[in-house]
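**Q**
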Amino acid sequence: EAFETQTNSGLAIDRPGMKGRHSRTTPNGLARGNPQVSTGGGLARLRAPCGATYSTRMVTAELLSNVRPLTVAEFDRMVELGLFHEDERIELIDGVLVRMSPQNPKHAAACSRVRRMLSALEASSEAFVREEKPVILSATSEVCPDVSVLRPAKHEYAQRHPRPRDVLLVVEVSDTTIESDRSIKLPKYAAAGICEVWLIDIKGRAFEVFSDPVPRTGRYRECHVHGLGEVVSPASFHRCRIAVSDILGDL
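Just add 112 to wherever you are in the sequence shown, counting from 1, and you've got our numbering.
The structure is reproduced here in structure tokens:
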């Protein structure tokens, strides 16, 4: 089996019985020649002409070490220049362009229901409620929550995208994406100081309510799970009551 060793010039690729001339590496640590791809054990491996092999994980690590993340300013400029198709749904997370998952009917229905039930906050001028609109979390992250509740602003955020200080509540509806929302989106919201996040788990038929963020650790101190038959209210608007069954009851 192939194994990896670290040299001053990069990764050297060896295997038992190979002599010096067979284990030469280029300055970036990869074997010389035109490699071929083979698979085995669920992991693609590249085979150099000399017979050495190295996994695609090594190649990925080599490439990622040289990736330069995009900034939000650069991303917004790309949008202004029309570099993305108008139907593309893209977020910027840690400087990386990420395609948003397509919505199935249940996901779309849940988003619309949440948006409609929170709309009373707009009618009373207590907040703006928006669906799938950008929120800037940091210099390298700009996301589009399924629903966001924002502090009122005279310009209605026509001059700039909302920042964490403008956000009172973020709602993410999860059908097939619950794990990635928990492991990727939720820590980003906590690190940005978003005060409250609801993860609506369609398959689990529950609301996961997170509050009291700790930006330094990217975690929330409080988490409460609400199932069918329970009622949820935003921390900033206790008079706004949403029954979980009204959102998830028939989904």
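Even for Gly, the Cβ is constructed at its ideal location relative to N, Cα and C. Bear in mind the structure is a predicted one, so any value in this text is a computation, not a measurement.
Which first and last residues belong to the alpha helix (DSSP H) in which His219 is found?
**A** Within the sequence shown, residue 219 is the residue found at index 107, counting from 1. Note, His219: alpha helix (DSSP H), 217 to 230.
**Q** Would you report the Cα separation of Val344 and Val226, rounded to the nearest angstrom?
**A** The residue you call residue 344 lines up with position 232 of the sequence shown. The residue you call residue 226 lines up with position 114 of the sequence shown. Looking at the two C-alpha atoms, the distance is approximately 11 Å.
**Q** Where do the N-terminal and C-terminal ends of the beta strand (DSSP E) with Asp324 fall, by residue?
**A** If you number the sequence shown from 1, residue 324 lands on position 212. Its beta strand (DSSP E) spans residues 318 to 326.
**Q** Determine the DSSP secondary structure at Ser260, reduced to helix, strand or coil.
**A** What you label residue 260 is simply residue 148 of the sequence shown in a count that begins at 1. Strand at Ser260.
**Q** Can you tell me which of the three DSSP states Asp313 falls into?
**A** Taking the sequence shown and counting its residues from 1, one reaches residue 313 at position 201. Note: Asp313 maps to strand in three-state DSSP.
**Q** Under a three-way DSSP split, which group does Val283 fall into?
**A** As a first step, residue 283 must be located in the sequence shown, where it is residue number 171. Strand, per DSSP.
**Q** Give the DSSP-derived three-state secondary structure of Val179 in the structure shown.
**A** The residue given as residue 179 occupies position 67 in the sequence shown. Correct three-state label for Val179: coil.
**Q** DSSP three-state call for Leu269: helix, strand or coil?
**A** Counted from its first residue, the sequence shown places residue 269 at position 157. Sequence check: residue 269 is Tyr here, not Leu. Coil at Tyr269, not helix or strand.
**Q** On the DSSP letters alone, give me the boundaries of the alpha helix (DSSP H) that Phe187 sits inside.
**A** Counted from its first residue, the sequence shown places residue 187 at position 75. Unbroken alpha helix (DSSP H) run through Phe187: 184 to 192.
**Q** What is the DSSP secondary structure of Ser357, reduced to helix, strand or coil?
**A** Locating residue 357 in the sequence shown gives position 245, counting from the first residue. DSSP places Ser357 in helix when its eight states are reduced to three.
**Q** In angstroms, rounded to a whole number, what distance separates the CA positions of Leu233 and Glu291?
**A** Along the sequence shown, read from residue 1 onward, the residue named residue 233 stands at position 121. Along the sequence shown, read from residue 1 onward, the residue named residue 291 stands at position 179. About 30 Å.
**Q** So, at 7 Å on beta carbons, what are the nonlocal neighbours of Val261 in its own chain, with the 5 sequence-adjacent residues on each side left out?
**A** The count along the sequence shown starts at 1 and reaches residue 261 at position 149. Same-chain partners within the cutoff: Leu230, Leu233, Ala239, Val241, Leu280, Leu281, Pro346.
**Q** Sort out for me which residues DSSP pairs His336 with in a bridge.
**A** In the sequence shown, counting from the first residue as 1, residue 336 sits at position 224. Looking at the DSSP assignment, His336 forms a beta bridge with Val321.
**Q** Can you list, in chain order, the residues of its chain with a C-beta nearer than 6 Å to that of Gly330? Leave out the 5 residues immediately preceding and following it.
**A** Within the sequence shown, numbered from 1, the residue matching residue 330 stands at position 218. Once the five neighbours on either side are set aside, the close Cβ partners of Gly330 are Pro299, Ala302, Ala303.
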